[in-house]
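Protein sequence lines correspond, in order, to chains A and B. Just so we're aligned, residue 1 is where the first sequence starts under the working numbering, counting upward by one. Just so we're aligned, residue 1001 is where the second sequence starts under the working numbering, counting upward by one. A quick write-up on the structure given underneath.
2 protein chains.
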Amino acid sequence: MDAGDFRRRGKEMVDYVADYLEGVEGRQVFPDVEPGYLRPLVPATAPQEPDTFEDVIRDVEKIIMPGVTHWHSPYFFAYFPTASSYPAMLADMLCGAIGCIGFSWAASPACTELETVMMDWLGRMLQLPEAFLAGEAGEGGGVIQGSASEATLVALLAARTKVTRRLQAASPGLTQAAIMEKLVAYASDQAVATLGTTSCCSFDNLLEVGPVCQEEDLWLHVDAAYAGSAFICPEFRHLLNGVEFADSFNFNPHKWLLVNFDCSAMWVKRRTDLTGAFRLDPVYLTHSHQDSGLITDYRHWQLPLGRRFRSLKMWFVFRMYGVKGLQAYIRKHVQLSHEFEALVRQDPRFEVCAEVTLGLVCFRLKGSNRLNEALLERINSARKIHLVPCHLRDRFVLRFAICSRTVESAHVQVAWEHIRGLAAELLGAEPGE
Amino acid sequence: MDAGDFRRRGKEMVDYVADYLEGVEGRQVFPDVEPGYLRPLVPATAPQEPDTFEDVIRDVEKIIMPGVTHWHSPYFFAYFPTASSYPAMLADMLCGAIGCIGFSWAASPACTELETVMMDWLGRMLQLPEAFLAGEAGEGGGVIQGSASEATLVALLAARTKVTRRLQAASPGLTQAAIMEKLVAYASDQAVATLGTTSCCSFDNLLEVGPVCQEEDLWLHVDAAYAGSAFICPEFRHLLNGVEFADSFNFNPHKWLLVNFDCSAMWVKRRTDLTGAFRLDPVYLTHSHQDSGLITDYRHWQLPLGRRFRSLKMWFVFRMYGVKGLQAYIRKHVQLSHEFEALVRQDPRFEVCAEVTLGLVCFRLKGSNRLNEALLERINSARKIHLVPCHLRDRFVLRFAICSRTVESAHVQVAWEHIRGLAAELLGAEPGE
């Protein structure tokens, strides 16, 4: 396949992508396939001779699509949203073409520098304290990680390295293992300090946790994987109050800020805490500017060595939506979740199980866990909408998360009528409940 | 931006990408910019109102391209290759559109199942022992990680969990910290057991290391990040002999097998070693099939929770090149490195510093490290080609890696004449060397 073929096939693929996303509402949101469905549909080995593009694209509809859970269907209300926008997809095409691996400044200066500046842009959108920004000569700064798990692991390792060095400096006789045995990581019921938990989108109070950590000289990492995107709206920014006590903070624009996966934004107040823990300097990666203090080599900020030019996605999305466009998007989702909440509250058979703050509604039928398990089973078997459950304390609860970029009030209404209908069937069938 | 706009802009981007890759040979391979060049070129904050696509794409040429190191230029001979092919880019567009997060089978069955089957396809291309394949009911199997670093970390953690449990079962009184203090990870001069080191592409002899590990009950992880792709050619497969002793093996198709970053292929003989170490089962991720033994939930195989539909890239590339096309690509690169090696050997002022096995030639001017540092400085300052150095024992050595998909004999010849010219200037200027 040469550039000429790519011009032709690439444009066909653009149309396929547009057709898919325009038509995704008409596809069944959750697939019918059983485990192992795919293997019999493909050969046991790769072909020796090339297949044509037509063969491959035909098999996409025949083999792949029947097994896809359509996360961008407006009837998908499961998990949390995963971002999808056309500007991010355009940027990803460019990212693939440039195809640089930005482990050092020299490996592609634009890749490193755009990332630093985009993380400042995003930090300012969130009104993060200046200490987290790189600016011209700041000690802090941001980095794009692949996932919130990686960001949290990086924070844990940096914290461990820091405290180990402090203790070894104080007591040179201590072995690393003796120190490790004493180290404690404090975490909440649901995770570490968290803003917007997965189960019910609850919030830790950083204004209480923060001063304690500061007094005890504990590393405070704040994870707002889902909720963080909302903090670009002034009316939700108060949920981030206390972040000034944190050493590191992260959230996932790839969840709710229209930047396609992967793009997990992490900031630290002292970049040397990360680079001290992860520094890696083989001679084949050295370059003339690295000891100048002027540059950032992001390989020292993360676990993998390689990294894509992911900040292009942020740049395209932030510019082509504008801050106002992004705020409008968040607000629409929050408004839709409150709309669903109001519908649930109007029906006395149901209850809302947690405060609705952003785009998630936790709800259930009043009654047993078994009843609610049966309701979820009916909902997901019908395959018209898709939800997942959670446990809040000992209660089995249904999560209704506003996910799709294209979800509208009409979809929420349809979903609720559908749920009510299934609940009525269920309650009719089990009058004892 | 709606689907209609995307149809228009996406097609423009396809042309931009094709133009870029067709014309990359004419761009200066290494940029002129100084650290900090980008920040003054962009605003300090994101725009409130949307910018147009025209604004953004104009800035790509104005702001981004001047700071890009062009990894896909046929004059780029630095580091190791990073894969780039049109079929992989087409697949990535589709991957972005589907935009599923495949942490569990149910989160998108096709995403999980295609990955398992593609890893079997690739394993068979490499003639991996059957124990590493998933097949219909195998105990082993493959997973796509983001990078070889992640694969190695996953292997280390799995090995640590396994040995810790074994020791705790034998001596229930042992604390984890006491065990950790005793654990040893053996590694070579350059890394862990490695096939194809970064510095000089040397190979550990698995037929020697393997039986020792087996006898001592040590976890053997084999990393062939760069070299692994070559094992699809029968004439290079012998370099992988002894992999039958390994517990886990990985290499990066995103380096040398035309599958754009990221795609690091990892296999294990016992999938339970991974799932035992990383199992994570909150109720919002449970689904009806998970305890059936029939399905794979890849979140238990890796550090991050989220994962893209990366196997689409493998599927498109393997099918649209065919095994023969991929083999031809590897062979061309190896042949070009031998061509460069022959040129170096013809010039008595130069020496080749390590056996040339695959696509990397390590060479230097006979003489001091200072002389070779000066030569590299001249090469990279001229910006006509791009190389990076390494240290082999105490010697400063230049690495000439065949990288670009489009590099031809003519580029290698031009590069060599350029290097010779700069060397002649240098030796003329420093006759004392």
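C-beta: ideal position from N, C-alpha, C; glycine also.
Nearest-angstrom Cα distance between residue i and residue j?
i: A:Leu94; j: B:Ala1178; result: 50 Å
i: B:Leu1358; j: A:Gly23; result: 47 Å
i: A:Arg160; j: A:Asp247; result: 13 Å
i: B:Pro1431; j: B:Trp1256; result: Legend: pLDDT at B:Pro1431 = 48, less than 50; position of this residue unreliable, no value from coordinates given.
i: B:Leu1207; j: B:Leu1240; result: 9 Å
i: A:His72; j: A:Thr286; result: 43 Å
i: A:Gln363; j: A:Ala148; result: Residue identity check: residue 363 of chain A is Phe in the sequence provided, not Gln. Straight-line Cα distance between these residues: approximately 26 Å.
i: A:Phe245; j: A:Glu216; result: 12 Å
i: A:Ser202; j: A:Val143; result: 26 Å
i: A:Asp92; j: B:Leu1312; result: 15 Å
i: B:Val1344; j: B:Val1352; result: 7 Å
i: B:Ala1107; j: B:Arg1331; result: 39 Å
i: B:Phe1236; j: B:Asp1394; result: 29 Å
i: A:Glu373; j: B:Thr1296; result: 23 Å
i: A:Gln198; j: A:Ile419; result: It should be pointed out that residue 198 of chain A corresponds to Thr in this sequence rather than to Gln. Taking the straight line from one Cα to the other gives about 22 Å.
i: B:Leu1038; j: A:Ala110; result: 7 Å
i: A:Phe53; j: A:Leu122; result: 40 Å
i: B:Phe1350; j: B:Cys1233; result: 31 Å
i: A:Ala224; j: A:Gly210; result: 15 Å
i: B:Ala1170; j: B:Val1268; result: 25 Å
i: A:Gln451; j: A:Lys366; result: This structure cannot settle anything about residue 451 of chain A, because the visible part of chain A is limited to 1 through 433.
Closer than 7 Å by beta-carbon distance: list the chain A residues that pair up with residue i, in chain order.
i: B:Asn1260; result: Gly96, Gly99
i: B:Asp1223; result: Within 7 Å Cβ-Cβ: nothing; B:Asp1223 doesn't reach chain A, min ~12 Å.
i: B:Gly1146; result: Gly146, Pro304
i: B:His1289; result: Pro35
i: B:Val1042; result: Val117
i: B:Pro1031; result: Pro109
Name the chain B residues that come within less than 7 Å of residue i, Cβ to Cβ?
i: A:Gln48; result: Gly1322, Val1323, Lys1324
i: A:Pro172; result: None at all; the shortest Cβ gap to chain B is about 17 Å.
i: A:Trp121; result: Thr1045, Ala1046
i: A:Trp105; result: Pro1035
If we count the other Cβ atoms within 10 Å of its Cβ and call it buried at 16 or more, is residue i buried or exposed?
i: A:Tyr329; result: buried
i: B:Tyr1186; result: exposed
i: B:Ala1044; result: exposed
i: A:Asp120; result: buried
i: A:Arg279; result: exposed
i: A:Asp262; result: buried
i: A:Thr212; result: The sequence given here has Val at residue 212 of chain A, not Thr. A:Val212 comes out exposed.
i: B:Leu1183; result: exposed
i: A:Ala83; result: buried
i: B:Ala1227; result: buried
i: B:Ala1424; result: exposed
i: A:Gly173; result: exposed
i: A:Leu294; result: exposed
i: A:Arg399; result: buried
i: B:Arg1165; result: exposed
i: B:Glu1034; result: exposed
So which residues on chain B does residue i lean against when the C-beta distance must stay under 8 Å?
i: A:Phe318; result: Ala1046, Pro1047
i: A:Ser202; result: The premise fails here: A:Ser202 is roughly 14 Å from chain B at the closest Cβ pair, so nothing lies under 8 Å.
i: A:Arg308; result: Phe1261, Asp1262
i: A:Val154; result: Here the premise fails: no neighbours, minimum Cβ distance about 11 Å.
Whose Cβ in chain A lies nearer than 9 Å to the Cβ of residue i?
i: B:Tyr1284; result: Ala78, Tyr79, Thr198, Ser199, Val388, Pro389, Cys390, His391, Arg399
i: B:Tyr1020; result: Leu94, Ala97, Ile98
i: B:Gly1010; result: Gly10, Lys11, Met13, Val14, Asp15, Val17, Ala18, Tyr86, Met89, Leu90, Met93
I'd like to confirm something about residue i: is its beta-carbon nearer than 7 Å to some heavy atom of the ligand NAD, or not?
i: A:Asn372; result: Absence of the ligand NAD from the depicted structure is noted, as is the absence of any ligand whatsoever, leaving it without description.
Can you name the residues of chain B whose CB is closer than 9 Å to the CB of residue i?
i: A:Tyr37; result: Pro1109, Ala1110, Glu1113
i: A:Ile295; result: Pro1035, Gly1036
Margin query: As an exercise, report each continuous beta strand (DSSP E) stretch of at least 3 residues that is fully enclosed by the stretch 1220-1269 of chain B, in chain order.
Written below: Within the stretch 1220-1269 of chain B, the complete beta strand (DSSP E) runs of at least 3 residues are 1221-1223, 1248-1251, 1264-1268.
task = Within the stretch 1316-1379 of chain B, note down every full beta strand (DSSP E) run reaching 3 residues or more, in order along the chain.
result = The qualifying runs are 1350-1352, 1360-1365.
request  = Could you say if the stretch 1090-1106 of chain B and the stretch 9-18 of chain A meet the contact criterion of at least three C-beta pairs nearer than 8 Å?
outcome  = Touching, yes.
Three-pair Cβ contact test at 8 Å for the stretch 1069-1088 of chain B versus the stretch 123-133 of chain A: Under the three-pair Cβ rule at 8 Å, the stretch 1069-1088 of chain B does not count as touching the stretch 123-133 of chain A.
Report yes or no: do the stretch 74-84 of chain A and the stretch 397-409 of chain A share at least 3 C-beta pairs separated by less than 8 Å? Remark: three or more beta-carbon pairs, one from each stretch, lie closer than 8 Å, so the stretch 74-84 of chain A and the stretch 397-409 of chain A are flagged as touching.
Between the stretch 1142-1156 of chain B and the stretch 1260-1278 of chain B, can you find at least three pairs of beta-carbon atoms closer than 8 Å? A contact exists between the stretch 1260-1278 of chain B and the stretch 1142-1156 of chain B.
Taking contact to mean at least 3 C-beta pairs separated by less than 8 Å, is the stretch 1045-1064 of chain B in contact with the stretch 1371-1382 of chain B?
Counting C-beta pairs closer than 8 Å gives fewer than three between the stretch 1045-1064 of chain B and the stretch 1371-1382 of chain B, which falls short of the contact rule.
* Asked: Touching or not, the stretch 1408-1427 of chain B and the stretch 1339-1346 of chain B, by the rule of three or more beta carbon pairs under 8 Å?
  -> With a cut-off of 8 Å on Cβ pairs, the stretch 1408-1427 of chain B is in contact with the stretch 1339-1346 of chain B, counting three or more such pairs.
Enumerate, from N- to C-terminal direction, the unbroken alpha helix (DSSP H) stretches of 4 or more residues contained entirely within the stretch 21-73 of chain A. If we require 4 residues or more, the alpha helix (DSSP H) runs fully inside the stretch 21-73 of chain A come out as 53-59.
* Scan the stretch 1142-1194 of chain B and note each continuous alpha helix (DSSP H) run of 4 residues or more that stays entirely inside, going in chain order. => You should have 1148-1170, 1176-1182.
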